[in-house]
Amino acid sequence: MNYYPLFREAIASQLLKVVKQASIFEAATPEQAVALLEIPTNFDLAICCIDEHVEEHQWLEQLRNRLPELKILIILEKNQLLKQLNQQLKVDGFLEKSADIHEVENALKLILMGECYISPSLLVAHPTLDLELSLAHTQSSIKSLLTPRQLQVLKLIAAGCSNKAIASQLKCTDGTIKLHVSAILKEFKVNNRICAIKYAAKAGLISTF
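FYI, the numbering for the sequence shown is 56 to 264, going by the working numbering.
Next comes the structure, spelled out in C-alpha cells:
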C-alpha cells in the first residue's frame, strides 16, 4: 500500500522479477487495503509503505488478524519506530525507503522463502532495537547483499589485513580488492572499513575481539 502510483508500480515491477506470474493488487489508501481482504484469494505477501507522520496502523492490525500467515514487508524511513510496529504486527521484514533495486529484490526473495529481512541501514540506525527476528535471519539479510568473495574480503578486513595482504591471500590484484571493499562499503551504506566491521559485527556476521 502506498499513495503514489509510481512508487507502487516500481515495487510491482521488482516483485514480478522475483515471482514471474504473481497476481498483484494495489491499494492507495488503508481503506482500499482492507477492502482487498474481501477478495476470495489467498494473499502471500503484503508490502506496505508507512508514512512517518501517521502513527495509527489499525488497518495493518486488521490485515494481520484476518490473515495470520500473511508475510508482511514494511517500507519506511530509518527514523521511524520499528520496534513498536514489529510488536504490534509481527512483520517479516523492514526495508528502508532509500533501498536500491538490488536490495529490494533480495528482500523480496528472502521473505518469500520464509526468511526475515532488515535493511542494514535500519539495523545500524537502531543498534539496540530488540526485534523478534533471529540472528540467523539478520545474517541472511546482509549476506544476501554480498558475493561469496566479498564475504571473504570482509572477514579478512575484520582480521586487520591490508588490501595488499588480502590480495596475496586470495591470489588476486590490489585493484580487485579495492573494488570489493568499495562494493562492501556501498552495500552497507558506510564510508570506511571500520564502520563496515562494526556494522557486520552488530549483525553477527563476523566476530570481533
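Backbone N, C-alpha and C define an ideal beta-carbon position, used for all residues, glycine too.
Because the structure is a prediction, the values reported are computed rather than measured.
The beta strand (DSSP E) that contains residue i, what's its start and end?
{"i": "E151", "result": "G148 to E151"}
Could you tell me which residues DSSP puts in a beta bridge with residue i?
{"i": "C103", "result": "I129"}
{"i": "I173", "result": "F149"}
The alpha helix (DSSP H) that contains residue i, what's its start and end?
{"i": "A251", "result": "R248 to K257"}
{"i": "I66", "result": "P60 to V73"}
{"i": "K164", "result": "I156 to L167"}
{"i": "G230", "result": "D229 to F243"}
{"i": "P203", "result": "P203 to A213"}
{"i": "I221", "result": "N218 to L225"}
{"i": "P85", "result": "P85 to A90"}
{"i": "L200", "result": "First-last for L200: undefined, no H or E at that position."}
{"i": "Q117", "result": "Q113 to R121"}
Can you give the Cα-Cα distance for residue i and residue j, rounded to whole angstroms?
{"i": "A251", "j": "V245", "result": "6 Å"}
{"i": "K152", "j": "I249", "result": "25 Å"}
{"i": "I105", "j": "L115", "result": "10 Å"}
{"i": "N218", "j": "Q207", "result": "12 Å"}
{"i": "L240", "j": "N247", "result": "7 Å"}
{"i": "T202", "j": "H235", "result": "9 Å"}
{"i": "E93", "j": "I79", "result": "15 Å"}
{"i": "H228", "j": "G215", "result": "Inspection of the sequence shows that residue 228 is occupied by Thr rather than by His. Straight-line Cα distance between these residues: approximately 18 Å."}
{"i": "K75", "j": "P95", "result": "21 Å"}
{"i": "F122", "j": "P85", "result": "Reading off the sequence, residue 122 comes out as Leu, not Phe. Their Cα atoms are separated by approximately 16 Å."}
{"i": "R204", "j": "A213", "result": "14 Å"}
{"i": "Q224", "j": "I232", "result": "11 Å"}
{"i": "K145", "j": "P60", "result": "27 Å"}
{"i": "I130", "j": "G169", "result": "18 Å"}
{"i": "A77", "j": "I127", "result": "16 Å"}
Starting from the C-beta of residue i, find all residues in its chain whose C-beta is less than 8 Å away, skip the five residues before and the five after it, and write them out in chain order.
{"i": "K72", "result": "E160"}
{"i": "Q69", "result": "I156, V159, E160 and L163"}
{"i": "S125", "result": "In the sequence as displayed, the identity of residue 125 is Leu instead of Ser. The answer, listed in chain order, is F98, D99, L100, A101, L118 and R119."}
Quick one: what's got a C-beta closer than 7 Å to residue i's C-beta in the same chain, skipping five residues either side?
{"i": "S174", "result": "F149, L150, E151, A154 and E158"}
{"i": "F266", "result": "Here the chain has residues from 56 to 264 only, and residue 266 is not among them."}
{"i": "K133", "result": "E151, S176, L177 and A180"}
Give every residue of the same chain whose Cβ lies closer than 6 Å to the Cβ of residue i, excluding the five residues on either side of it in the sequence, and list them in chain order.
{"i": "L211", "result": "I221"}
{"i": "Y172", "result": "G148, A162, L165, I166 and S196"}
{"i": "A67", "result": "I79"}
{"i": "L200", "result": "E242"}
What do you reckon, is the C-beta of residue i under 7 Å from a heavy atom of the ligand COA?
{"i": "N97", "result": "Absence of the ligand COA is noted for the structure shown, with no ligands found whatsoever."}
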